[in-house]
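Going by numbering that gives the first Met the number 0, the sequence shown wraps up at 439, each residue one higher than the last. Just so it is clear, CB atoms sit at the ideal spot from N, CA and C, and this is done for glycine as well. Since we're looking at a predicted model, the values are computed, not measured. Beneath this line is the structure, given in structure tokens, with notes to follow.
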Amino acid sequence: MTASPSVTPSPLERRLQLTVSIAEVEQEAQKRLQRISRSVKMPGFRPGKVPMKVVAQTYGAQAQSEAMNEVIGRVYGHAVVEQKLRVAGPPSIEPAKESSGSDQMLSFEAVVEVYPDITCPDLAGVEIKKVSCEITEADIDRTVETLRKQRTSFEDVSRASQKGDRVMVDFIGEIDGVPFTGGSSENYSFVLGDGSMLKEFDEAATDMKSGESKTFPLQFPQDYHGKDVAGKLASFKIKIRSVGEPKMPALDEAFVKSMGIESGDLTKFREDVKKNLSREVMGRCKTKTKTAVMDALNQWASFEVPKALVQSESQRMADSTREDMTARGMNMKDVPIPADLFTEQATRRVKLGLLVGEIVRIKELRPTEAQIRSFVEELGSAYEKPDAFVNWFLDQPKQRAEAEAVVIEDNVVTWALSQAKVVDNPMTVEALMADAGQAA
């Protein structure tokens with residue numbers, strides 16, 4: 000059995016010409032038949048006493064196929080080791096177009112992708128924006144107001160509804176005079192102007208009093224999530240059951256106590272708000288800076304990535320999306336989520352994964368135990384019993400692996416910032432919260 004390589008037009012694709020001895024395949028097939036004969040049961044024969052000829056008649060094709068796969072796999076494996084190929088996925092093996100020229104040999108061609116050769120990036124002169132953010136008293140004021148809004152209650156009023164009110168409605172929707180699935184409900188509540196309803200529905204329920212009814216047309220958007228009604232014109236009849244006026248709690252001792260400050264002290268409450276806001280701001284600054292670093296690395300990385308890895312990552316992302324949507328209560332049974340929708344994202348992830356891995360290897364950026372513990376302790380600081388959380392977290396293999404992955408990325412970000420031209424990118428808290436950014 001022999002193998003010889005050839006390079007294809009694709010920089011990562013390799014074609015291996017494999018030759019397999021027919022005698023070796025036959026020998027392997029006989030071994031398999033021998034093993035089968037020792038345990039096979041057939042009517043009229045005692046276990047282990049079935050004649051080899053009878054065993055071969057029943058299991059010969061199976062043994063031959065398995066033997067062929069075994070021998071080809073062995074030849075392929077030897078070729079990969081001999082030629083020091085770093086394969087990135089399983090091979091595609093087909094009979095060769097040209098025979099070996101021998102009646103005693105079979106020829107095959109194996110096509111496989113290899114990992115690209117990657118060098119450590121030179122980031123000297125590359126500009127990377129490092130996000131910074133200062134928290135002001137106005138930011139604390141806004142956060143306090145947000146917390147008050149989250150505790151908003153609603154009191155029924157007799158006036159007409161307006162933006163910010165909570166309305167309870169009954170509605171029935173029809174398309175071409177026929178009710179449609181999901182188009183009707185009773186005692187349904189929503190807040191006017193909060194964006195939870197389509198604009199036409201929101202506007203129709205505005206300036207109405209309890210007990211009033213109206214009928215109005217509604218054009219569903221072409222990209223509406225309900226495909227059965229997307230792009231169609233519906234007619235809705237709506238009845239207002241109640242109108243609730245928002246009442247925010249006063250910023251007093253009772254409110255402060257309800258937020259977990261037992262003393263009810265407003266100054267202590269604001270300090271607590273600032274502490275929590277600082278933690279969130281720091282995290283978002285870190286995330287945006289990391290994204291900037293990964294963008295810079297992605298721009299530098301001009302190498303191709305194995306299609307097999309991209310396909311695998313695309314499918315993983317599609318499966319993850321399906322699981323996420325199912326967890327949110329959506330029926331995804333008959334909804335296709337093509338993996339190729341994620342090809343661009345998957346390509347970026349694979350490319351950055353390979354590059355980051357190489358940087359970590361070359362620059363020795365594996366996380367230390369102290370770094371991992373420090374990261375987990377930071378997570379634990381948000382819990383009532385941080386020590387118990389840290390101990391539990393570090394004992395969980397999955398959680399620990401996730402922590403290590405985050406610390407590795409942090410180490411790469413720190414290294415990249417030490418090599419690149421860092422430019423400060425100051426942001427206000429409002430801007431930062433509006434654009435949290437996505438981790439790469």
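For S257, the uninterrupted alpha helix (DSSP H) run begins and ends at E252 to S257, by DSSP.
Residue range L265 to W299 is occupied by the alpha helix (DSSP H) that includes R269. By the C-beta density criterion, D164 is buried, having at least 16 other C-beta atoms within 10 angstroms.
Straight through space, the alpha carbons of R240 and L217 are spaced by roughly 21 Å. Boundaries of the beta strand (DSSP E) harbouring E173: R165 to I174, taken from the DSSP string.
Annotated three-state conformation of N390 is helix, per DSSP. DSSP, read as helix, strand or coil, puts Q16 in strand. Under the rule that a run must span 4 or more residues, the alpha helix (DSSP H) segments found entirely inside the segment 329–363 read 342–362.
Taking a cut-off of 8 Å on C-beta distances, the segment 297–310 does not touch the segment 141–155, as fewer than three cross pairs fall below it.
L84 places its beta carbon 8 Å or farther from that of T18. Per the C-alpha coordinates, the member of G172, N424, M51 and E202 positioned closest to C284 is N424.
Here L122 is buried, its C-beta having at least 16 other C-beta atoms within 10 Å. Looking at the DSSP output, G194 bridges to nothing.
Close CB contacts of Q221 within its chain, under the 7 Å cut and outside five residues either way in sequence, are with A229 and G230 (chain order). A residue is called buried when at least 16 other Cβ atoms come within 10 angstroms of its Cβ; N410 meets this threshold and is buried. For T135, no beta strand (DSSP E) run applies, since DSSP gives it neither H nor E. Annotation: V389 to K274 spans about 20 Å, alpha carbon to alpha carbon.
When the five nearest sequence neighbours on each side are left out, the beta carbons in the same chain lying within less than 7 Å of the beta carbon of F341 are those of S313, M316 and A317, in order along the chain. Inter-segment contact for the segment 396–413 and the segment 113–121 is absent: fewer than three beta-carbon pairs are separated by less than 8 Å. Under the 10 Å beta carbon count, I71 is surrounded by 16 or more other beta carbons and is classified as buried.
Burial is judged here by how many other beta carbons sit within 10 angstroms of a residue's own beta carbon; K226 has fewer than 16 and is exposed.
Sequence-distant Cβ neighbours of V406 in its own chain, meaning closer than 7 Å and more than five residues away, are P366, Q370, I371 and F374. Of all alpha-carbon atoms in R34, T135 and P90, the one lying nearest the alpha-carbon of M426 is that of T135.
Counting along the chain, no alpha helix (DSSP H) covers V110; the unbroken beta strand (DSSP E) around it starts and ends at M104 to E112. Within the same chain, and ignoring the five residues on either side of L276 in sequence, the residues whose Cβ sits closer than 8 Å to its Cβ are I134, D138, I139, T142 and V428. In summary, A404 is exposed, with fewer than 16 beta-carbon neighbours lying within 10 Å of its beta-carbon over all protein chains present.
Sequence-distant partners of P305 (beyond 5 residues in either direction) whose C-beta falls short of 7 Å from its own C-beta, in its chain, are L11, A87, G88, E112 and Y114.
In the three-state reduction of the DSSP assignment, F44 falls in the coil class. A residue is called buried once 16 or more other Cβ atoms fall within 10 Å of its Cβ, and E363, having fewer, is exposed.
If you look at P90, you'll find it isn't in any alpha helix (DSSP H); DSSP assigns it neither H nor E.
In terms of Cβ geometry, A95 and A62 do not form a close pair [threshold 8 Å].
Just measuring C-alpha positions, the residue of G176, Q33 and M281 sitting nearest A66 is Q33. The DSSP-derived three-state label of K384 is coil. Each of V190, E23 and E408 was checked against the Cα of Q103, and the nearest Cα belongs to E23. In the assembly as shown, Y75 is a buried residue. Its beta-carbon has 16 or more other beta-carbons within 10 Å. Closest by C-alpha distance to L378, out of M331, K213, L351 and E401, is E401.
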